[in-house]
Amino acid sequence: MNSLLRLLFAPGFFASSPVHVALAVGGIAALVSGVVGTFTVLRGQSYSGHALADLSVTGGSASFLASISPLWGFAGTGVIAAGIMEMIGIRRPRGRDLATGIVRGAGLGVAALFLYWDTTSTSTTGATVTILFGSMFTVGSSAIPLVLAFGLPALAIIAILYRPLLLSSVSADVAAARGVRVRLTGLACLVAIALAVSLAAVTVGAILSTALLVGPAAIALRLTSTPGRATVTAAVIAVASTWIGVVLAYDSFTWPPSHDGWPVSFFIVALIFLGFLAAQLTGRVRRVGG
12 MNSLLRLLFA PGFFASSPVH VALAVGGIAA LVSGVVGTFT VLRGQSYSGH
62 ALADLSVTGG SASFLASISP LWGFAGTGVI AAGIMEMIGI RRPRGRDLAT
112 GIVRGAGLGV AALFLYWDTT STSTTGATVT ILFGSMFTVG SSAIPLVLAF
162 GLPALAIIAI LYRPLLLSSV SADVAAARGV RVRLTGLACL VAIALAVSLA
212 AVTVGAILST ALLVGPAAIA LRLTSTPGRA TVTAAVIAVA STWIGVVLAY
262 DSFTWPPSHD GWPVSFFIVA LIFLGFLAAQ LTGRVRRVGG
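Take the position in the sequence shown, starting the count at 1, then add 11; the result is the number in my numbering.
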């Protein structure tokens, strides 16, 4: 058993404080992303999630300029953008995409300015890489309560609105006929997506956060037959991919030739991508067998 542990985990893994924080923060973010991501895919809002991920760059870069936790910027910008997208959008998918595209373009323009200021400021060295691609091993333990504070509301939204979200995902008209406040439900879901994307941005960066939001959910929906099972499966896949990614990233510091280590975000996204390919193959085998 000891030989197996030494083979899987590099020396000092279990005693490393940055690893403990990365596992905790990454696990919480992945759990939220898996749960919220299931409804993101079911409701056809993957593009909205991608737009909110891009817009989180604006808040993250502004946070570095203000010398506060990037999570405040990620979440704050995401929630505001979600409200604006819902306010100027209409119920038809084409209208939602138009509103999303307009808000996304405006936000990215501001993000470009903030990132420029970040890169020209001596006090924010490495800010751009951290914002865009994440840096889990540099997250401090003080971030754990903050991650929980943003993650729990996202999970609460999904838990409280579970049935209305499912019904409106199938048909907004039927949901409205049954008394569901479709517009308010949609706004709440967008807020949950914004919070999930913000947490994912802390772990894998703003650019790759959509992969953690959509990837595990897409895999789970291919492998399961009910939304409830898909939600649980997506959460398990997201957490497992994140934790395995942390292990591989830590182990990579012992890999030749440079011993510099590989990014955690690379491993997480690569594992999710391989999982999606495997799910696709499994689905084809089932169809042929059936």
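Don't be surprised by glycine CBs; every beta carbon is placed ideally from N, CA and C.
Asked, Found
"Assigned secondary structure, residue 56 (DSSP; H/G/I helix, E/B strand, else coil)", "coil"
"Integer Cβ distance of residue 238 from residue 195, believed to fall under 8 Å", "Their Cβ separation, rounded to whole angstroms, is 21 Å, which puts residue 238 and residue 195 out of contact at 8 Å."
"Environment of residue 147 [buried if 16+ CB atoms lie within 10 Å]", "buried"
"Backbone CA spacing between residue 157 and residue 25 [nearest angstrom]", "24 Å"
"The segment 246 to 254 touching the segment 117 to 124, judged by at least three CB pairs closer than 8 Å", "no"
"Helix, strand or coil at residue 32 according to DSSP, with G and I counted as helix", "helix"
"Inter-residue Cα distance where the pair is residue 116 and residue 48", "23 Å"
"Cβ neighbour criterion (16 or more within 10 Å) applied to residue 285", "exposed"
"Check whether residue 68 and residue 165 have beta carbons under 8 Å apart", "no"
"Alpha carbon of residue 28 to alpha carbon of residue 141, nearest angstrom", "19 Å"
"Rounded C-alpha distance that separates residue 197 from residue 206", "14 Å"
"Residue 175 to residue 228 span [Cα, whole Å]", "19 Å"
"Closest by C-alpha distance to residue 220, when choosing among 167, 201, 65 and 31", "65"
"Under the three-state DSSP convention, the category residue 131 falls into", "coil"
"Backbone CA spacing between residue 167 and residue 267 [nearest angstrom]", "45 Å"
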